Structures are given as C-alpha cells and as structure tokens.
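Here the structure is laid out as structure tokens; the discussion comes afterwards.
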Amino acid sequence: MTDAVPGTNAHYIVVGDNPLAYRLTRALSTRFRGTVTVVVPDRTSRYAQDMLNLNLDDDGKPKRDGDGKLLELVSLFETERVDEGALKEAGADRAAAAALVNQDDGGNVALALLLRETWPRLHVVVRIFDESLGRHLQRDHCTVLSSSAFAAPEIVGAALRRQISLPVRGGRRLVAVSDEVTSLRPHMVLFATDRDGAVTALPSDKEIANGLTPKVLLAEAAEDDVLPEVKADLEPDEDEVDPHRRRRVGEYLRTLAITSGRNLLLAAGVLLVVVLIGAVTMQLATGSSFAGALYEAVLPSLAGSDPDHDASPLVKATQVVLTIVSVAVIPWVTGVVVDGVVRTQRLLDAGSPRRPMAGHVVVVGLGDLGTRIVRSLDRRSVPVVAVDIDESARGIAVARSRDVPVVIGDARRAATLSAAYVDAAQAIVVVTSGGAITIGIGFAARSIPRSKDAPALRTVLRVFDKDLSRRIRREIPDSAGLSSSFLAAPSFAAAMIGQDVTATVPYLDRVLVLAEVLILDGSPMARMRPDDVDLDGSGEHGDDDAKSRLLAIRTRSHPSGGGGVTIEPSEGRYLNAGDTVVVIATTAGLSRVREMARPPLRM
371 MTDAVPGTNA HYIVVGDNPL AYRLTRALST RFRGTVTVVV PDRTSRYAQD
421 MLNLNLDDDG KPKRDGDGKL LELVSLFETE RVDEGALKEA GADRAAAAAL
471 VNQDDGGNVA LALLLRETWP RLHVVVRIFD ESLGRHLQRD HCTVLSSSAF
521 AAPEIVGAAL RRQISLPVRG GRRLVAVSDE VTSLRPHMVL FATDRDGAVT
571 ALPSDKEIAN GLTPKVLLAE AAEDDVLPEV KADLEPDEDE VDPHRRRRVG
621 EYLRTLAITS GRNLLLAAGV LLVVVLIGAV TMQLATGSSF AGALYEAVLP
671 SLAGSDPDHD ASPLVKATQV VLTIVSVAVI PWVTGVVVDG VVRTQRLLDA
721 GSPRRPMAGH VVVVGLGDLG TRIVRSLDRR SVPVVAVDID ESARGIAVAR
771 SRDVPVVIGD ARRAATLSAA YVDAAQAIVV VTSGGAITIG IGFAARSIPR
821 SKDAPALRTV LRVFDKDLSR RIRREIPDSA GLSSSFLAAP SFAAAMIGQD
871 VTATVPYLDR VLVLAEVLIL DGSPMARMRP DDVDLDGSGE HGDDDAKSRL
921 LAIRTRSHPS GGGGVTIEPS EGRYLNAGDT VVVIATTAGL SRVREMARPP
971 LRM
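Just so we're on the same page, our numbering is the position in the sequence shown counted from 1, plus 370.
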C-alpha cells in the first residue's frame, strides 16, 4: 500500500531499505524538494521508519507548506516482490527518475532491465558492486554507480592524513587541505567550526570574522609542489596485478628462514660436524692434505662411495662410520628442507605477514568497500595488512593476488590485532558491516600497547549514525567516523536529477560536492556575472543551506573551432549559454545552481 499521494514537484522512486536509501531519500525530499516513494519489503524496519520521519519537522510535527497544507514528501510502498505492478503503483509511470540501491547486483540489474523495457524514458540510477557488470548496463537513461567507489578515496585520505586532490580540468591543481598546512596559499575556506564544534560548510568572510575557526581549506598547488595527495577520482573496480610482479628470491628465502630456520641450521650443523670430524680423522690416518681428506670424507658421507680395500684399518673404520651416520643424517636433512619448503609455500599462499611490519595501514573488513581501500593503498605503495574473520570474503583473494599480507580472525581479539602488527601501524581502517563490531574493533585497537617510536594510531571507523560518530571521536583520540552511504548519497542524488558529481569532500558530519553544470539557453545564469553563482545560503548551519563557490568555467565549444577551454572566473567575463561551470557546493547549493542554469518552467 502507498502512504501518501505525491505532490506536484518532481517525483522519484527509491528501491531499497538501507543507509544509502535513507540518505538518498533525505537528499531528494529536502534539498531537491521532490516527492519520493520508497519501495521496501518491511515498513516497520529501522530505515523505513527513518525515511517516513522525514515528513516531520524538528518538533516531531507533520511538515506544512506556507498555506498550512500537509507536506507528505516521502511515502512508503511495502511489497515483498518488486515487479512491474509494484513499480507502477509506486509511480514509475510519472517519476522523473528511479534509484535501485539494494545490496543485490542481480536483483538491481533485473529491475533496471524491467524499467528500461517498460518505461524506456525513465532515468534509472543503479547501485552496482561489480562494475564490470555495470559497464554492460550503462547507457542513455541508465547510470551505474558504486557507493564504495565514491567512499574509498575519502576514507584512504582520512587514514593517511593526506590532502584530497580535486579533479578540475584545465591544468589547475586544487587540493582540500587541513588548516594545519601552511605551505600552500589558501583559496577559500571549505569547512569551519564554532566554539561548540558545530560545522559550517563554505563559510563567508563575515562568518569567519565573527569567530568561526577554519578547519579545511581549498588551496591551489603548483605543478612542482610535492604533496601527499589522494586523488578524489573514483577507484576503478579492477583486480589486475602487474604481470611482472613476482615473488623475489630474497623474499622467499626470508620466509623460509622464518618458518624453518632453526631446524635447517641444526641439520646443517650436525652434518658439517660429522664431515669435519671424518676429514680430520682421514688426514691424521693418511697424512694427506686437509683438502684431500675432506674429499675422502664427503664421498662416503654424502655420495656413498665404493669401499677402498687397500685403505688402512683406520680409514676403513672412518668410512664405515660416515656411511652409517649419513644414512640417518641425510634423510633428516632432506625432511627438514622439504618441510620448510612446504610450510613456506603455505605461508606465502595464505598471505600472512612474513615479518614484523611498521608504519603500515591495517584494513579490517574485506567486503566491497574494504577491497577498494586495500587496492587503493596498494596502488599508492602504502604497506597494508588486510584482516577479516571470513576466509571466503571477496577481498581475501584480491589481497593475496597483490601480495598484501592477510590475517584471518576476529579483529576484536588482541591476538588477531597483534598478528597484524597494529602496535606499530600508522592507521587502522575498520569497515565491517556491524556497528557494534566496528566500534569494538576500534576500542580493541586502541588498547594494544604501542611499539617504541611508533606514531599515534589513526583510527577510521565506518559509522552510519553521525551522533555516534561524534561521541566516538571524543572517546578515541585521533579518530574519524565515516559512512560510505554518507559520502555516496550526494552523487546518487545528483545522478537522479541529471547532474554530474565528480568528487566529494567530507568533514565530520558534513560533505561538499564538486560538480559540473551546463548553462542552458534561456536560463537565469546566462549573462550572469561569475560572482552571482557564489551562494551563501540563508542560515549559519544546517545541511539545507544552499551554498556554492564557482571554481572554474569551461567555455562553450564552437563548431568552427575555438572555445572549450577551462578558465578562472573573472569579473570582466559574463557567463554564456553553453558554458559549463565547475562549482563546489552543498547538495542544496548544487540544486540551486542547477535551477539557475536551466530555463524557468512555463506554466
């Protein structure tokens, strides 16, 4: 059944019952002012109720418009099976776009094909984990996205304390840096906080002058500046490994020494003592040189040489002793070597850490997001250890294929964390699915005594609830709580309204998006001055502030040639239809910029 009849604004359908579905519904209904029907299997679930509560104001009362009429922006449609009839009843025939965000690639693909066949003009946004599958689905009116692909770069940046490099075409090198970075000239303030820690996105100069403290800045770096950056481009879903990447002989020998070094040394020592005693005896008995005596000793002990009937009794006795001893020693030495080789190969195949590590990053949870984080760190040549309780987790095979050490076990246990050398790691990233498990691992990691000269442990946790994230930051020093749905929702929402988000910049419980917006003929933005695109919103705080800053302009390309270049905003040039503006904005600000860039609706 449907809870409410959607209003007259653009209507959207969201299929899913998870954190991403909630954040996406919230963005569409509040910031983009649309009506949303959410298709869920159980209307009593936590996220379904959270989505329904979006119809309430801060006092828990139903929202009303300026005329006092009820605003029922979000409705639920409950069904166990999503088919054509359910989608039609949810409003697919009049929807502007539909988002399929269940954690089921097969189900999402099936629904996307159904929507394409039944409503070919409906724009569909599909959440896909396997991007190789998604590439076959991507085409006109169908956008394929991965929430973990958006989240991985930001989480890697948080773990490494590195700047986020924003992809702006035209040669400009823009990076989001903390306020502690003094080597770069700041371009603008992205985030600031007040005395209570409340975050303001894109604060104005007046707000900064009134006491807000800058926390994240946008700076422009020169080409020759060497910075520890993490690019905000999406992490590709690829498991290819350099075909020339092979285990080195030295690495194999070191591992062999770790697994069987003591036994090998003992066996070699016994054999050497036997041969030397035999050689000395031969030398004394025959009066030959030590080299000749050593030759006479090695042959019976290792090669089982034929007896010499003309030899003296002492030589014969020595040869007999060496032969008898070799019968016992040689199989023992052979067994030790074979055992060492087998154990070494097993250890290498299992991917366990083969020697003590320091300054690395420990990634716990090898689902889709954890796999991308491991891959991203390895691409950047950052030492990493992967941990998961399930040996069949997808990321285990990916990590082993990249020679990334793997530890199988419960990361809440000190033994598992010690096996990953957390005591000497620079950071631990916990992206398990369970909230309580994630928090427990975070606390367990902090309880491990630090090694001498080890840096302070940076802790990055996957946490959905922003209030819980704030409390964890107070309890765990040098920590960050991030959510893949929080980082990905703006991009999914922008894709549903037909806008391209190229990067996200998070800070605590806020996020800014970098987007490109095309200026259409007849739009208010055409013939505007560049500074008119800079929006300051209506309030000091809150997710619904419509704020934006213009970063660059890509001029319109002309059929006869010319144009199509990226320039910086300047007061002397007005914006023209066909130009593309590059803005960094709140999601509400992006919605406002998009409205300014298209012609007004004619009634």
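Note that the Cβ used here is the ideal one computed from N, Cα and C, for glycine as well.
The structure displayed is predicted, hence computed values, not measured ones.
- request: Just mark L890 as buried or exposed, buried being the case when its beta carbon has 16 or more other beta carbons within 10 Å.
  value: exposed
field: Of the residues L554, S517 and A418, the one placed nearest S854, counting alpha carbons only
entry: S517
task: Report the rounded CA-to-CA distance for H381 versus V754, giving the unit in angstroms.
output: 45 angstroms
- prompt: Pairing CB atoms from the stretch 422-433 with CB atoms from the stretch 476-483, are three or more of them under 8 angstroms?
  reply: no
task: Between the Cα of T488 and those of L457, G477, A469 and V471, spot the shortest distance and give me the residue it belongs to.
output: It is L457.
message: Quick check on the burial criterion: 16 or more other C-beta atoms within 10 angstroms. Buried or exposed for Y392?
response: buried
field: Beta-carbon spacing of G735, V801 below 7 angstroms
entry: Against a cut-off of 7 angstroms, the Cβ pair of V801 and G735 comes out as a contact.
message: Here's a check: name, in chain order, each residue in its chain whose Cβ is nearer than 7 angstroms to the Cβ of E454, leaving out the five neighbours to either side.
response: Residues of the same chain with a CB within less than 7 angstroms of the CB of E454, apart from the 5 flanking positions on each side, are L484 and T488 in chain order.
message: Spatial neighbours of P819 within its chain, please: C-beta separation below 7 angstroms, excluding the five flanking residues on both sides.
response: D793
message: Going by DSSP, what residue range makes up the beta strand (DSSP E) through T368?
response: The question about residue 368 has no answer, for the chain in this structure spans 371 to 973.
query: Tell me which same chain residues have a C-beta within less than 8 angstroms of the C-beta of S961, skipping the five on either side of it?
result: R401, F402, R403, I867 and A916
query: Do you know offhand how far L398's Cα is from A865's?
result: 11 angstroms
- prompt: How about A460 and T414: do their beta carbons lie closer than 7 angstroms?
  reply: no
message: Measuring only the C-alpha atoms, how far is S861 from K822?
response: 43 angstroms
For I954, the nearest candidate out of N472, P573 and L394 (CA to CA): P573
- prompt: Do the stretch 554-561 and the stretch 821-835 touch if we need at least three Cβ pairs shorter than 8 angstroms?
  reply: Flag = no, the stretch 554-561 and the stretch 821-835 do not touch.
message: Counting beta carbon pairs with one atom in the stretch 469-478 and one in the stretch 834-844, are three or more of them shorter than 8 angstroms?
response: The answer is no - the stretch 469-478 does not touch the stretch 834-844, with fewer than three Cβ pairs under 8 angstroms.
field: As assigned by DSSP and simplified to three states, the class of V367
entry: Any question about residue 367 goes unanswered here, given that the chain covers just 371 to 973.
task: Please go through the stretch 443-503 and give each complete alpha helix (DSSP H) segment of 4 or more residues, from N-terminal end onward.
output: 454-459 and 475-488
query: Can you name the residues that DSSP bridges to A873?
result: L884
- request: Measure from the alpha carbon of E590 to the alpha carbon of each residue in V547, V733, Q508 and P939, then state which is nearest.
  value: V547
query: Taking just the CA atoms, how far does A521 sit from G527?
result: Rounded to the nearest whole angstrom, the CA to CA distance from G527 to A521 is 10 angstroms.
query: Out of curiosity, what's the CA-to-CA distance linking R772 and R555?
result: 38 angstroms
message: Please state the DSSP three-state secondary structure of R841.
response: helix
message: DSSP three-state label for Y392, please.
response: helix
- prompt: Using the C-alpha atoms, what's the distance from G436 back to I809?
  reply: 43 angstroms
task: List the whole-angstrom C-beta distance separating V731 from Q796, where the pair is believed to meet the contact cut-off of C-beta under 8 angstroms.
output: 6 angstroms
query: At what residue ranges does the stretch 922-969 contain a whole run of the beta strand (DSSP E), taking only runs of 3 or more?
result: 950-955
message: Tell me which residues share the same chain as V444 and place their Cβ nearer than 7 angstroms to its Cβ, disregarding the 5 neighbours each side in the sequence.
response: T395, S399, V406, V408, M421, L422, L424 and N425
- request: Would you kindly work out how many angstroms separate the C-alpha atoms of D412 and F447, rounded to a whole number?
  value: 9 angstroms
Contacting residues, own chain, Cβ-Cβ under 8 angstroms from S940 (five flanking each side not counted): P900
field: Inter-residue CB distance, A763 and V774 (contact presumed, cutoff 8 angstroms)
entry: Their Cβ separation, rounded to whole angstroms, is 13 angstroms, which puts A763 and V774 out of contact at 8 angstroms.
- prompt: Looking at the structure shown, is M558 part of a helix, part of a strand, or coil, going by DSSP?
  reply: strand
query: Which first and last residues belong to the beta strand (DSSP E) in which A756 is found?
result: V754 to D758
query: Taking all protein chains shown into account, do 16 or more other C-beta atoms lie within 10 angstroms of the C-beta of G504, making it buried, or fewer, making it exposed?
result: buried
query: From E501 to A863, what does the alpha carbon distance come to, in whole angstroms?
result: 19 angstroms
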